[in-house]
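Here the protein sequences come in this chain order: A and B.
Be aware that the first sequence starts at 7, since it is given in this note's numbering, and climbs by one per residue.
Be aware that the second sequence starts at 7, since it is given in this note's numbering, and climbs by one per residue.
Number of protein chains: 2
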Amino acid sequence: MRTDDFADTEAPTSATAAPAVDAPDVDAVRAVLDGRWAQARAAVRGLADEPLFRPVYGLDREQYRDHVWRQAQQLAAHGHIRVGFPEAHGGQGDVGSWVTMFETLAFTDLSLLVKAGVQWGLFGGAIQHLGTERHHRRYLDDVIALRLPGCFAMTETGHGSDVQALRTTATFDPATDEFVVHTPDAEARKDYIGNAARDGRLAVVFAQLVTGGENRGVHALLVPIRDADGAALPGVTIGDCGEKAGLQGVDNGRLTFDHVRIPRDNLLDRYAQVAADGTYTSSIENPNRRFFTMLGTLVQGRVSIAGAAGSATKTALTIAVRYAERRRQFNVPGTDDEVTLLDYRAHQRRLLPALATTYALHFAQATLVERLHAVLGGEDTRAQRELESRAAGLKAVATWHATATIQECREACGGAGYMAENRLPQLKADTDVFTTFEGDNTVLMQLVAKELLTDYREQFGNLDFSGTVRFVSEQVVETVVERTAARSLIQRLVDAVPGRDEDADLLDRGYQLKLLEFREKHMLDGAARRLRAASGSRGSASGSEGRAAFEAFNNVQDHLLAAARAHVDRVILEAFVAAIDDCADADVAALLDQVCHVHALSTIEANRAWFLEHDRLTPARSKAITATVNELCTSLRPHARLLVDAFGIPEPFLDAAILR
Amino acid sequence: MRTDDFADTEAPTSATAAPAVDAPDVDAVRAVLDGRWAQARAAVRGLADEPLFRPVYGLDREQYRDHVWRQAQQLAAHGHIRVGFPEAHGGQGDVGSWVTMFETLAFTDLSLLVKAGVQWGLFGGAIQHLGTERHHRRYLDDVIALRLPGCFAMTETGHGSDVQALRTTATFDPATDEFVVHTPDAEARKDYIGNAARDGRLAVVFAQLVTGGENRGVHALLVPIRDADGAALPGVTIGDCGEKAGLQGVDNGRLTFDHVRIPRDNLLDRYAQVAADGTYTSSIENPNRRFFTMLGTLVQGRVSIAGAAGSATKTALTIAVRYAERRRQFNVPGTDDEVTLLDYRAHQRRLLPALATTYALHFAQATLVERLHAVLGGEDTRAQRELESRAAGLKAVATWHATATIQECREACGGAGYMAENRLPQLKADTDVFTTFEGDNTVLMQLVAKELLTDYREQFGNLDFSGTVRFVSEQVVETVVERTAARSLIQRLVDAVPGRDEDADLLDRGYQLKLLEFREKHMLDGAARRLRAASGSRGSASGSEGRAAFEAFNNVQDHLLAAARAHVDRVILEAFVAAIDDCADADVAALLDQVCHVHALSTIEANRAWFLEHDRLTPARSKAITATVNELCTSLRPHARLLVDAFGIPEPFLDAAILR
């Protein structure tokens with residue numbers, strides 16, 4: 007029996023109709039978006055006054071590398087990047103400012119962004135966080151001033167995601183008090199390393215540390231790779247990755263070490279030390295835990311990339327929305343008036359939910375940066391692990407969103423979108439690797455799932471699958487649906503929802519939150535039970551049992567990844583809701599409320615199959631969601647221009663021919 | 007009540023378990039794929055012996071244009087492209103061979119492909135199909151031999167999709183027996199024109215034809231743009247589109263005409279003629295119909311692009327699958343064995359359904375080419391319109407599939423996928439505009455919807471929306487679910503399905519077909535009713551009524567586009583089913599049957615929300631589909647390598663560093 011044949015996606019009942027909203031002032035919206043670290047944003051926006059930082063086209067690879075090098079030097083001269091470094095080195099130790107600055111820098115050339123990320127975020131960050139006082143003293147000032155360009159040499163040709171399996175070795179030789187850094191085979195070659203092909207002089211090299219004949223696991227060491235004249239040092243072979251999809255201004259390269267000797271001092275020894283006689287010591291006893299503590303310093307990079315992905319998405323949406331407001335195609339019947347692209351429902355559907363989600367991600371990012379700022383470098387291990395999980399999840403979702411949205415913007419601008427002068431091609435090509443670097447998104451989402459499923463205080467991170475299976479078989483899932491920001495607000499909204507779904511308004515924020523919360527909890531619950539059932543009474547895995555453990559994990563892999571996504575979706579929506587609640591300007595809040603409806607309902611719409619499968623949406627209600635999103639797009643359309651203008655991207659950075 | 011908490015996506019009951027399949031011989035599969043025009047494929051594959059046609063990197067734009075020009079000259083010298091031209095000009099008038107050759111050429115450099123498409127497909131095709139005997143005599147031999155490089159100047163800066171709104175004018179001056187071709191304003195500039203920036207000497211220009219003070223609508227005329235030395239002719243201003251996202255070897259440019267005079271003879275006058283006194287005649291009385299008849303010659307280009315998109319997708323999948331079979335990451339627990347990427351479920355999910363759909367599209371393309379070969383140039387208007395609709399739909403779906411799949415392959419290869427030497431970046435960048443050129447995909451899908459909703463024999467194509475509304479309000483939808491290939495076979499399969507869905511096996515092909523058929527019919531039905539209800543008793547639209555008519559259309563636009571997609575999905579599946587039925591080799595057929603299950607069920611899975619909303623899937627059955635696709639991926643995994651090898655892409659064309 008179908009009673010809904012005729013309805014399909016027609017307008018819903020007036021109960022769920024979206025109210026019209028007065029347009030707030032664009033600067034008021036921008037102020038809300040700019041938030042706590044508005045000053046860092048303003049500083050980077052100021053670069054728009056300098057022609058050096060505006061988009062360029064038509065440079066060949068070496069010219070482009072030169073150009074980015076000059077930009078980076080100018081950036082160093084301005085001192086913007088100093089803010090994240092310790093006060094002893096002229097900085098303010100202000101992580102929030104640093105990450106926000108980096109996010110804003112993504113409005114400029116993305117090759118510059120990545121070059122800066124490698125030099126100051128990864129290379130400088132590793133010295134800062136994995137090194138000790140003497141490393142800081144010796145290197146940081148030069149790193150900050152770009153007098154010492156460097157590399158972060160972790161990834162190898164054979165291993166990227168599985169960092170524990172890296173094959174480069176650093177063997178201690180007590181006879182000379184040196185480490186011997188060596189590339190044993192082609193798979194162990196360091197690959198895709200930014201700053202390596204042309205500029206880098208010193209590299210943070212991740213290698214298996216061997217002392218006293220024993221492998222101590224992966225550690226980071228400082229290895230000089232070029233002399234002052236730029237020539238490769240003896241034993242170091244440097245290759246060039248050559249042409250890439252994008253980011254042509256970054257000199258990615260390959261490093262091979264042939265028994266390269268470095269002083270013992272060059273071990274970045276904050277978490278582990280090697281004595282002159284080769285004795286190995288560490289304050290962290292568990293090798294796994296030690297490894298993940300070191301890796302934890304990567305969290306800042308992941309947060310930064312999530313923010314940068316957001317900025318690139320904003321640039322693309324600004325271009326596409328402004329073009330869609332201007333571009334006309336096909337007449338209104340019986341008239342000579344041509345319809346603007348943005349008046350077409352299909353075009354609204356392409357751009358407006360993506361715009362709304364970009365807003366949601368902006369606030370989720372702001373919340374994450376607050377947390378990073380509060381937690382990083384502190385002693386709260388639990389908070390640090392949560393931060394890492396949040397960063398992993400948001401990095402993955404934000405970069406996937408960037409890839410999909412920039413692609414959609416390209417297509418929505420038609421042939422013009424394919425021309426370099428309209429910026430979308432470069433935005434697409436440059437950001438395309440964001441889903442891969444700083445952690446492959448699929449691997450990151452797996453990490454999120456694992457964190458959700460384990461009481462990681464007890465069973466410190468272990469990436470192998472039998473581990474996951476064992477964890478889950480041993481304990482109840484308890485930490486799920488832990489509240490994000492504004493716990494009490496979210497709880498109040500959820501609690502106020504009528505008991506029966508059918509009685510809830512689709513535009514009831516509590517109802518939307520409740521749906522996402524239900525999905526996350528149910529998915530994790532199901533994944534946990536399946537893993538437990540699969541693991542049965544099996545003990546520690548080895549050999550054929552190892553294979554069985556893998557199969558058990560593998561059969562649930564898609565389920566785990568979906569659960570992680572459900573978690574991140576909830577976290578994002580809660581951040582958006584909390585930000586609106588914090589918003590003092592009523593007009594801005596009202597508009598953001600509309601935007602949040604588009605985000606929340608289009609997220610639920612995209613996952614409506616799941617809700618239908620789990621009897622959480624009726625067919626009629628599911629269709630009503632689609633109709634409501636359509637209606638919301640219509641009412642948001644007049645505000646589209648304001649919403650992109652509020653991103654505050656300086657015009658010189660936009661500079662697309664189709665907007666002139 | 008939920009009875010399925012525990013099940014989620016676990017394995018289905020054994021009733022739907024996929025049987026294991028013996029691996030057939032790869033050459034046997036290739037022979038089936040190669041099909042009727044295997045010879046054309048073999049000829050192009052032979053180009054792999056010549057270094058000139060292998061992938062190159064690192065050329066700057068002008069070097070690349072030179073390189074592509076040399077490739078095109080060599081192609082002309084070989085005479086491959088002659089096959090599509092009339093026998094009088096050394097060809098065989100064999101459209102099927104031409105299009106198949108073009109499809110295979112997409113295994114080589116895609117800039118060469120597009121350059122060839124412009125020169126011989128669009129430019130040569132327009133002279134052949136829109137011109138008459140004297141044009142053929144004067145130009146075709148030179149066009150074929152590439153002695154006369156030319157352009158197809160349709161799109162303008164202001165109008166692309168809405169060709170009837172082009173603004174360039176060609177005004178007949180009886181005093182001199184000439185047309186005056188003119189660009190009245192910036193919007194009327196010809197834009198993105200291939201071959202224009204560097205090589206083109208003659209252009210087919212689409213312009214509003216004015217004779218006797220009356221506008222006769224858009225017609226095509228031959229306008230010389232460069233002299234033999236390559237200098238722009240008087241009155242012609244030529245610009246360069248410069249850097250693009252990809253296809254850097256194609257010299258796209260811009261043309262502006264300042265009262266350029268051309269002889270009356272230069273009107274391509276197959277469908278309309280202008281006499282010396284300015285008298286306008288045409289065998290097609292209805293101006294709209296005349297316009298769409300001329301535009302109908304574009305159909306070959308759309309079919310060609312659909313095929314080329316398929317080839318590019320195959321190249322990307324071949325690289326990604328072979329890499330995923332070789333690349334290992336993370337150990338099997340308790341062992342030193344690292345797991346290959348393709349053994350992970352998430353990785354199988356990324357690649358194998360896309361691979362299956364690539365097979366489906368291959369057979370849909372083969373069916374379309376058969377139809378093109380049979381219909382093109384014939385007198386059957388109805389068949390021609392159907393062909394155009396099929397071509398539009400398949401072009402859109404195949405190019406969207408290419409965009410999504412190549413992107414997925416890039417990401418699935420991680421950092422390596424971002425390196426130019428591994429070919430994926432260029433494949434992505436070059437194909438990205440396929441969704442735009444030869445008809446924007448969204449506009450094409452709208453065309454498909456309109457064709458499905460109208461009895462176009464009576465009410466010949468009218469792109470305006472009031473037209474659409476009126477059509478639908480006047481008549482019953484009758485031509486839906488018209489059978490594609492192998493009508494009786496499909497009907498037999500559908501008829502054999504048990505009356506109750508719950509009794510049907512998920513691997514019952516008839517059941518799968520029935521679901522897609524139901525979706526198409528129901529969506530079209532609903533769209534028609536909504537349009538009729540909206541149009542009410544309104545007469546011909548004008549002014550404010552025009553706006554209302556637009557709103558009525560616009561409210562249904564997403565529904566119409568979804569209906570068109572449902573239609574194309576059905577057509578594709580039916581083509582695949584028919585191809586398997588035609589397959590004489592039992593082992594090949596058994597494997598293709600498995601591939602078809604993955605395609606069909608993953609298509610239904612992607613649309614399961616709709617089936618749930620329309621009570622055509624129960625929640626439990628919907629979940630079982632997901633579980634079955636997972637299981638099918640597992641059983642297809644051992645055949646993945648064979649399936650990509652069967653595409654028959656010569657190794658020199660693959661040439662990715664990660665496969666060496």
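No residue lacks a Cβ here, since even glycine has one placed at the ideal position from N, Cα and C.
Query: Can you find a C-beta in chain A that's less than 8 angstroms from the C-beta of residue 629(B)?; Result: yes
Query: Cβ closer than 8 angstroms: which chain A residues qualify as neighbours of residue 615(B)?; Result: 614, 615, 618, 628
Query: Entirely within the region 549-633 of chain B and at least 4 residues each: give me those alpha helix (DSSP H) ranges in chain order.; Result: 550-588, 592-612, 614-619
Query: Report the start-end ranges of each alpha helix (DSSP H) in the region 63-105 of chain A that is 4 residues or longer and not cut off at the edges.; Result: 67-84
Query: What residue from 288(A), 275(A), 291(A), 270(A) has the CA that sits closest to residue 282(A)'s CA?; Result: 270(A)
Query: Return the CA-CA distance between residue 247(B) and residue 258(B), expressed in angstroms with no decimal places.; Result: 6 angstroms
Query: At a CB distance below 8 angstroms, what residues from the region 563-577 of chain B approach chain A? Give them in sequence order.; Result: 563, 564, 565, 567
Query: Rounded to a whole number of angstroms, what is the C-alpha to C-alpha distance between residue 104(B) and residue 131(B)?; Result: 11 angstroms
Query: If I'm right that residue 231(B) touches residue 195(B) with Cβ under 8 angstroms, what's the distance once you round it to whole angstroms?; Result: That pair is no contact at about 13 angstroms.
Query: Taking its Cβ as the centre, do 16 or more other Cβ atoms sit within 10 Å of residue 63(B), making it buried, or is it exposed?; Result: exposed
Query: Straight-line CA distance for residue 381(A) to residue 553(B)?; Result: 56 angstroms
Query: To which residues of the same chain is residue 470(A) closer than 7 angstroms at the C-beta, ignoring the five residues directly before and after it?; Result: The pLDDT assigned to residue 470(A) is 43, lower than 50, so where the model puts this residue is not dependable, and the model offers no usable value.
Query: Less than 8 angstroms separating the beta-carbons of residue 210(B) and residue 176(B)?; Result: no
Query: Within the chosen definition, does the region 372-391 of chain A reach the region 300-309 of chain A through at least 3 CB pairs nearer than 8 angstroms?; Result: yes
Query: Helix, strand or coil: which one does DSSP assign to residue 277(B)?; Result: coil
Query: At 7 angstroms on the CB atoms, spell out the chain B contacts of residue 168(A), in chain order.; Result: 335, 336
Query: Does any residue of chain B have a CB that is nearer than 8 angstroms to the CB of residue 665(A)?; Result: no
Query: Rounded to a whole number of angstroms, what is the C-alpha to C-alpha distance between residue 668(A) and residue 368(A)?; Result: Absent from the structure is residue 668(A), since the part of chain A shown begins at 7 and ends at 666.
Query: Once the 5 residues before and after residue 501(B) are set aside, which same chain residues still bring their CB inside 8 angstroms of it?; Result: 516
Query: In its own chain, which residues sit with a C-beta less than 6 angstroms from the C-beta of residue 38(A), not counting the 5 before and 5 after it?; Result: 589, 594
Query: Starting from residue 425(A), follow its DSSP beta bridges and name the residues at the other end.; Result: 250(B)
Query: Reducing DSSP to helix, strand and coil, say where residue 305(B) ends up.; Result: helix
Query: Suppose the cutoff is 8 angstroms on Cβ atoms and the five residues either side in sequence are ignored; what does the same chain contact list for residue 643(B) look like?; Result: 348, 349, 354, 358
Query: Chain A partners of residue 448(B), CB-CB under 7 angstroms?; Result: 352
Query: In the structure shown, what three-state DSSP assignment does residue 350(B) receive?; Result: coil
Query: Figure out for me which residue from 235(A), 169(A), 58(A), 254(A) has the closest Cα to the Cα of residue 154(A).; Result: 235(A)
Query: Taking Cβ positions only, does residue 555(B) come closer than 8 angstroms to chain A?; Result: yes
Query: Step through the CB atoms of chain A and report whether any lies within less than 8 angstroms of the CB of residue 157(B).; Result: no
Query: Taking the CB atoms as reference points, tell me whether residue 619(B) and residue 632(B) lie closer together than 8 angstroms.; Result: no
Query: Report the three-state DSSP secondary structure of residue 524(A) (helix, strand or coil).; Result: helix
Query: By the DSSP assignment, the beta strand (DSSP E) with residue 179(B) in it spans what residues?; Result: 175-179
Query: Give the single residue among 97(A), 73(A), 72(A), 92(A) whose Cα lies nearest to the Cα of residue 84(A).; Result: 97(A)
Query: Quick check on the DSSP output: what are the complete beta strand (DSSP E) runs of length 3 or more inside the region 26-69 of chain B, in order along the chain?; Result: none
Query: Answer with yes or no whether the minimum CB distance from residue 582(B) to chain A is below 8 angstroms.; Result: no
Query: Could you say which of 427(A), 526(A), 125(A), 413(A) lies nearest to residue 79(A) if we only look at CA atoms?; Result: 125(A)
Query: Grouping DSSP H, G and I as helix and E and B as strand, with all else coil, what is residue 289(A)?; Result: coil
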